[in-house]
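Below: one structure, written as structure tokens.
Laid out in structure tokens, this is it:
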């Protein structure tokens, strides 16, 4: 038992040390590893490591996916079984590669063939079986998926630089924003948009994205209300200014706080701004840092769990376990924070059987409407994982 516990403790140390052992893009950390580990151990003296545990054999083996770029859940409906469903957005047999775009972020003509498989897959939350699928011959490079309170699907396609809305019980969009295959940064164009967040009043927000590094707010009719990002930061803005976004990759609304939180991926932080839903004139004002820079690596996806009043962060520390001095360090892929920015724990470790499947990048995350389950999309392993909360009186590792 002691040996097992030692492995578990060592495996989670990468939640801090992983930033040294596997820094992305050759970055050099400005804090020594010893300080990372000291910070981590001091933190764990105050907080037990805990988090949702992975559910084995979910989804069913019949679910075949390409690169999974997005995951979300439908609203709760207690009158039907299941009471909600899991929606997965994937790239079929057409992965995003180095040749997908030219140096101007335009998809070459040779790449402009849409995906022939169903790119939208609806999965039963308990059995893991496919309930429905559609979206063939519609998308080029799927990215983000969001389900709003009215069951509309909002999808981003970085290949076409467009945002689409598909109404409930329909399979074709009734709203398309952006000019197909034409990147831009004005009110009618995007450049590789990544995600959408939709408010209860119908206003919606688009993270735009890989090129523009801005967030755009729209009315429910699709009219631009405003935006913030690099072009609003000012010429004298410091590199760590909250407006110097660098690939805003995921969005999460916390409406009772009137906050829009942004996974600022390349800056390795999660920031929250005034959503302007209660006080429209305050839209875009920086409110708080939820995850400080480099605390958990690159945040790819964020999801708010209103039942627990916490934010889940899917982040990249390392694509695979790291060997050091004879030990295997297994990185966490998900982290929990309260809304004041306090770190509550890391979980979703790359387990040995998953490591055998190859590198892993957690690309998106979603919390079930019951607050009990969490779903994580892995873009490299072409998989979606389900995690569930353990009983409150039980401490566990996952």
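Residue numbers (our numbering): 245 to 642. C-beta: ideal position from N, C-alpha, C; glycine also. All values reported here derive from a predicted model rather than from experimental measurement.
Assigned exposure category for residue i - 16 Cβ within 10 Å defines buried
i, result
"residue 575", "buried"
"residue 508", "buried"
"residue 570", "exposed"
"residue 598", "buried"
"residue 335", "buried"
"residue 677", "Any question about residue 677 goes unanswered here, given that the chain covers just 245 to 642."
"residue 304", "exposed"
"residue 654", "The chain is shown from 245 up to 642; residue 654 falls before or after that span and cannot be answered."
"residue 261", "The predicted position of residue 261 is uncertain, since its pLDDT is 38 and thus under 50; a value taken from the coordinates is nonetheless stated next. Answer is buried; the Cβ neighbour count reaches 16."
"residue 404", "buried"
"residue 278", "Model confidence at residue 278 stands at a pLDDT of 45, short of 50, so the residue's coordinates are unreliable and nothing is read from them."
"residue 360", "exposed"
"residue 356", "exposed"
"residue 315", "buried"
"residue 450", "buried"
"residue 627", "buried"
"residue 582", "exposed"
"residue 524", "exposed"
"residue 379", "buried"
"residue 630", "buried"
"residue 536", "exposed"
"residue 248", "Here residue 248 scores only 37 on pLDDT, less than 50, and its place in the model should not be relied on; the value that follows carries that caveat. Exposed, by the Cβ-count rule."
"residue 623", "buried"
"residue 296", "buried"
"residue 291", "Residue confidence is low: residue 291 scores 48 on pLDDT, short of 50, so the model does not pin down where it sits. Its coordinate-derived value is still stated next. The residue in question, residue 291, is exposed, as its Cβ has fewer than 16 Cβ neighbours within 10 Å."
"residue 492", "buried"
"residue 333", "buried"
"residue 530", "exposed"
"residue 300", "exposed"
"residue 452", "buried"
"residue 554", "buried"
"residue 324", "exposed"
Which listed residue (the options) has its alpha carbon closest to that of residue i
i, options, result
"residue 567", "582, 596, 552", "596"
"residue 606", "349, 409, 540, 416", "540"
"residue 618", "491, 519, 446, 579", "579"
"residue 560", "341, 510, 554, 528", "510"
"residue 228", "462, 444, 443", "Given that the chain is displayed from residue 245 to residue 642, the structure contains no residue 228 and the question cannot be resolved."
"residue 330", "415, 309, 367", "367"
"residue 564", "557, 395, 604, 468", "604"
"residue 485", "496, 513, 468", "513"
"residue 592", "410, 583, 311, 556", "556"
"residue 533", "489, 572, 524", "489"
"residue 546", "554, 558, 535", "558"
"residue 386", "342, 396, 395, 400", "400"
"residue 341", "333, 332, 351", "351"
"residue 354", "611, 344, 363, 348", "344"
"residue 358", "529, 384, 374, 346", "384"
"residue 445", "453, 464, 454", "464"
"residue 487", "631, 518, 339", "518"
"residue 308", "372, 325, 298", "372"
"residue 338", "326, 572, 362", "362"
"residue 470", "365, 621, 521", "521"
"residue 494", "365, 477, 543", "543"
"residue 418", "443, 374, 466", "466"
"residue 369", "398, 395, 326, 396", "326"
"residue 425", "349, 527, 365", "349"
"residue 456", "477, 429, 476", "429"
One or two residues paired with residue i in a DSSP bridge
i, result
"residue 326", "According to DSSP, which records beta bridges pairwise, residue 326 is partnered with nothing at all."
"residue 451", "439, 459"
"residue 298", "631"
"residue 236", "This structure cannot settle anything about residue 236, because the visible part of the chain is limited to 245 through 642."
"residue 594", "Looking at the DSSP assignment, residue 594 forms no beta bridge with any residue, so it has no partner."
"residue 517", "504, 530"
"residue 376", "366"
"residue 410", "397"
"residue 572", "567"
"residue 619", "610, 630"
"residue 542", "560"
"residue 555", "548, 581"
"residue 496", "505"
"residue 605", "DSSP lists no partner for residue 605."
"residue 334", "312"
"residue 391", "397"
"residue 535", "514"
Assumed close pair residue i, residue j - CB separation to whole angstroms, cut-off 8 Å
i, j, result
"residue 458", "residue 472", "7 Å"
"residue 602", "residue 625", "6 Å"
"residue 427", "residue 407", "No, residue 427 and residue 407 are not in contact; Cβ-Cβ is about 13 Å, not under 8 Å."
"residue 608", "residue 377", "Not quite, the Cβ-Cβ distance comes to about 18 Å (not below 8 Å), so this is no contact."
"residue 398", "residue 409", "5 Å"
"residue 504", "residue 441", "6 Å"
heavy atom of the ligand COA below 7 Å from residue i C-beta
i, result
"residue 456", "In the structure shown, the ligand COA is absent, as is every other ligand, since no ligand is present at all."
With contact counted as at least three CB pairs below 8 Å, one residue from each stretch, are the region 318 to 325 and the region 388 to 400 in contact?
With the cut-off at 8 Å, the region 318 to 325 and the region 388 to 400 touch.
Examine the Cβ distances between the region 477 to 487 and the region 422 to 435 and report whether three or more of them are shorter than 8 Å.
no
So does the region 496 to 504 actually touch the region 542 to 555, counting three or more Cβ pairs closer than 8 Å?
Three or more Cβ pairs drawn from the region 496 to 504 and the region 542 to 555 lie within less than 8 Å of each other, which places the two stretches in contact.
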